[in-house]
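Which chain is which? The protein sequence lines are D and Z, in order.
Residues 2 to 267 in my numbering are what the first sequence spells out, letter by letter.
Residues -7 to 258 in my numbering are what the second sequence spells out, letter by letter.
A virtual CB, placed ideally from N, CA and C, is assigned to each residue, including glycine.
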Amino acid sequence: MTKQTTRSGPPLIIVALAFVGGLFLIIPIVALLQRAPWSDLGGLLTDKAATQALRLSLVCSFGATLLALITGVPLAWVLARANFPGRRLLRALVILPLILPPVAGGVALLLAFGRQGLVGAPLFDWLGLQLPFTTIGAMLAETFVALPFLVITVESGFRSIDRSYEDAARTLGAKPRFIFRRITLPLLAPSIAAGAVLAWARALGEFGATITFAGSVAGRTQTLPLAVFFDLGFDPDRAIALSVILVFISILILVSLRERWLTPLR
Amino acid sequence: MKNRVTAGFWGVFLLLTSLIALTVTPLNANSAETQPSKKISGEIIILAASSLNDSFTKIGEKFESEHNDVKVKFSFGASSQIRQQLEGGVGGDVVATADTKTMALLNQSSLVTKKSTIFAKNTFAIVVQNRNPSKIKTLADLGNDKQKIVLCAPGVPCGVYANQVLRQAKVSISHPILSSDAAAAVSLVALGEADAALIYRTEAISNSRLKGIEIPKSENIIAQYPAAVIKNSSNKTAAREFVKFLNEPKAQKILSEYGFLPKAEL
């Protein structure tokens, strides 16, 4: 028998597995919301420790996004358009933190920028500068994991630009800077925006690299995810409340990226 | 056609099993079958404070060598975290915490069998690298803002003890690096990224790169370690035997090798 019969939905087993998979993803969120201390939420979220963690999370994640934009867009540009030996290798290395378990990234950061690290030791010995356990350190840890998201998104943006517009402008005598500002950048803007939101989301949720490299110092490096982890032991209600906040932020991100994610690919 | 039918069967089967799995609560399915004789067998899972990591691993080996049919498995973590796990329904056979308070709370929620026994005591020390590069000598030195000091988080027993020691010595640390449990606290010191940890003296003994600076008795604390059989343990006979073993000379010898104080002392 061939598969021509009907063009109905997927087979039952697929539907069943899809059901299981869907439930698996949905149930934990439902459990979290159902267990959330809704009536005390205001109080739990306005106390000093919670606001401190929230503020720090915003500072670090926006700082990391900014750093990612400043270095990531040029990096994407070079990867998309420059031709040089070792480009593929560079690309692979830049993407690596995307797959690397963040805790390993944290260890690597510690060995590079720690007090006794490759770059960190001279910084510390000569300038007395230490990055671990500082807010800048937390920001750098978040940048390390967030940057690749921005780079791959913007790089694919560069690649999808129809270069004939730029070529046309050039033949009409436009200067490179003008071309970038008036043609490339507007065409690239949606990719940069999407990349920045992705990078920001990744930075906001960062845990492994941050705790390994920047530790957990209240008010300095203890961001929301770290606060959740540390509170769970002795103040579970607050940990749940903070998790609920993270769920809502994620929903906001999803809504802002709906064009990209919520509509199926064609 | 046949394929479609079997696929359908498996689909329904999976659907049903997943539903059953979702509705039936795991654990405590009164599998506490009574052992016929004194001879114990099977597997026991010990949930223990992370400061017991090295000593318990050794004690487990000893216990296994005396009871050939028993396998001892460990899960180490902060005592407060272990309590969360047990409250959340994680199964196990024996629980050993780094303070009596956590055990009392476990008892209150009827998660352990009534009788817990104290099997060890511990005190605090300032743990530094062997060569002590920051030249820390007393608790007062920890108050120096330039030093990076690691403490356990306030909700973890070792964090409660640390705060007690600091209070007694009238020292305050403005930005401590918080660690999630005792074992994690010293790793940053061993790496040379933090200057000292205020933690159990036993942590210095099990790591050859570290040493402990004693704290005067008047400012120190005494941590008492209780162990108990978990109420819904499926291997209570073996569990009870393990708890008993902790107070026998063989286990006590191992504990003292790792720097714990015999329970009679102090």
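Any C-beta of chain D under 9 Å from that of residue i
i, result
"L170(Z)", "yes"
"V119(Z)", "no"
"S67(Z)", "no"
"L131(Z)", "no"
"E249(Z)", "no"
"V142(Z)", "yes"
"G147(Z)", "yes"
"L44(Z)", "no"
"L180(Z)", "yes"
"H59(Z)", "no"
"T15(Z)", "Model confidence at T15(Z) stands at a pLDDT of 48, short of 50, so the residue's coordinates are unreliable and nothing is read from them."
Residues near residue i by beta carbon distance below 8 Å, same chain, minus five either side
i, result
"R201(Z)", "Q121, N122, A182"
"V157(Z)", "F116, L131, L190, I207, E211, N212, I213"
"I246(Z)", "S47, K50, I51, K54"
"Q53(D)", "A219, G220, Q223"
"P51(D)", "According to the sequence displayed, residue 51(D) carries Ala and not Pro. Within the same chain, A51(D) has close Cβ partners L45, A228, R239, A242, L243."
Cβ-Cβ separation, residue j to residue i (assumed contact under 8 Å), whole Å
i, j, result
"A189(Z)", "V119(Z)", "5 Å"
"P133(D)", "L119(D)", "About 14 Å; that fails the 8 Å criterion."
"S71(Z)", "A41(Z)", "5 Å"
"D61(Z)", "S43(Z)", "At roughly 29 Å, the Cβ-Cβ gap does not stay under 8 Å, so D61(Z) and S43(Z) are not in contact."
"T211(D)", "E143(D)", "7 Å"
"Q244(Z)", "D91(Z)", "Contact flag wrong, Cβ pair sits at about 20 Å."
"L34(D)", "V245(D)", "7 Å"
"T136(D)", "C61(D)", "7 Å"
"L205(D)", "I250(D)", "7 Å"
"S58(D)", "L225(D)", "4 Å"
"R116(D)", "E185(Z)", "5 Å"
"A81(D)", "F208(D)", "Between F208(D) and A81(D) the Cβ distance is about 31 Å, and since that is not below 8 Å, they are no contact."
Beta-carbon contacts of residue i that lie in its chain and below 6 Å, excluding the five residues immediately before and after
i, result
"P168(Z)", "I141, L143"
"M95(Z)", "T89, S108, P218"
"D232(D)", "R239, A240"
"A170(D)", "I180, I184"
"L238(Z)", "F111, A219"
"S23(Z)", "In this prediction, S23(Z) scores a pLDDT of 41, lower than 50, which makes its location untrustworthy; the coordinate-derived value is nonetheless stated afterwards. Closer than 6 Å at Cβ, skipping near neighbours: S226."
"A202(D)", "I254"
"Q160(Z)", "E211"
Residues bridged to residue i [DSSP beta-bridge criterion]
i, result
"T215(Z)", "Inspection of the sequence shows that residue 215(Z) is occupied by Ala rather than by Thr. In the DSSP output, where bridge partners are listed per residue, A215(Z) has N114(Z)."
"C144(Z)", "S171(Z)"
"F66(Z)", "I38(Z)"
"Q121(Z)", "L202(Z)"
"A88(Z)", "A40(Z), A219(Z)"
"I74(Z)", "Partner(s): none; I74(Z) has no beta bridge."
"S217(D)", "L170(Z)"
"Y192(Z)", "F116(Z)"
"T109(Z)", "A219(Z)"
"L253(Z)", "K113(Z)"
"V104(Z)", "I222(Z)"
Own chain partners of residue i with C-beta closer than 7 Å, once the 5 adjacent residues on each side are dropped
i, result
"S217(D)", "Q223, L227, F231"
"T105(Z)", "A220, V221, K223"
"R75(Z)", "T94, L97, L98"
"L101(D)", "none"
Residue-chain proximity (residue i, chain Z), Cβ-Cβ < 9 Å
i, result
"V155(D)", "no"
"R267(D)", "The predicted model places R267(D) with a pLDDT of 45, which falls under 50 and marks its position as unreliable, so this point remains unresolved."
"P191(D)", "no"
"L158(D)", "With the sequence shown as reference, residue 158(D) is identified as Gly, and Leu is not the correct amino acid for it. Cβ-Cβ to chain Z under 9 Å: no for G158(D)."
"L91(D)", "no"
"S244(D)", "no"
"L119(D)", "no"
"R217(D)", "Checking the displayed sequence, the identity of residue 217(D) turns out to be Ser instead of Arg. Chain Z, which has a Cβ nearer than 9 Å to the Cβ of S217(D), makes this yes."
"Q223(D)", "yes"
"G209(D)", "no"
"R116(D)", "yes"
"G206(D)", "no"
"G220(D)", "yes"
Check: residue i C-beta below 8 Å from any heavy atom of the ligand FAD
i, result
"K209(Z)", "Summarising the ligand content, the structure contains no ligands, and the ligand FAD is consequently not present."
Quiz item: Taking a cut of 9 Å between CB atoms, which residues from the stretch 184 to 197 of chain Z lie near chain D?
Solution: G184, E185, A186
Exercise. Check each residue of the stretch 68 to 87 of chain Z: if its Cβ is closer than 7 Å to any Cβ of chain D, include it; give the result in chain order.
Key: A70, S72, Q73, Q76
Practice problem: Check each residue of the stretch 30 to 47 of chain D: if its Cβ is closer than 9 Å to any Cβ of chain Z, include it; give the result in chain order. | Solution: none
Quiz item: Can you list, in chain order, the residues of the stretch 228 to 242 of chain D whose Cβ is nearer than 8 Å to any Cβ on chain Z?
Solution: Within the stretch 228 to 242 of chain D, the residues whose Cβ lies closer than 8 Å to any Cβ of chain Z are, in chain order, F230, F231, D232, L233, G234, F235, D236, P237.
Practice problem: Using a Cβ-Cβ cut-off of less than 8 Å, list which residues of the stretch 4 to 27 of chain D approach chain Z; keep chain order. | Solution: Taking 8 Å as the Cβ-Cβ cut-off, the stretch 4 to 27 of chain D approaches chain Z at P12, L13, I14, I15, V16, A17, L18, F20, V21, L24, given in chain order.
Quiz item: Closer than 7 Å, Cβ to any Cβ of chain Z: which residues of the stretch 126 to 141 of chain D, in chain order?
Solution: P133, F134
Quiz prompt | Against chain Z: residues of the stretch 103 to 114 of chain D by CB proximity under 8 Å | solution = L111
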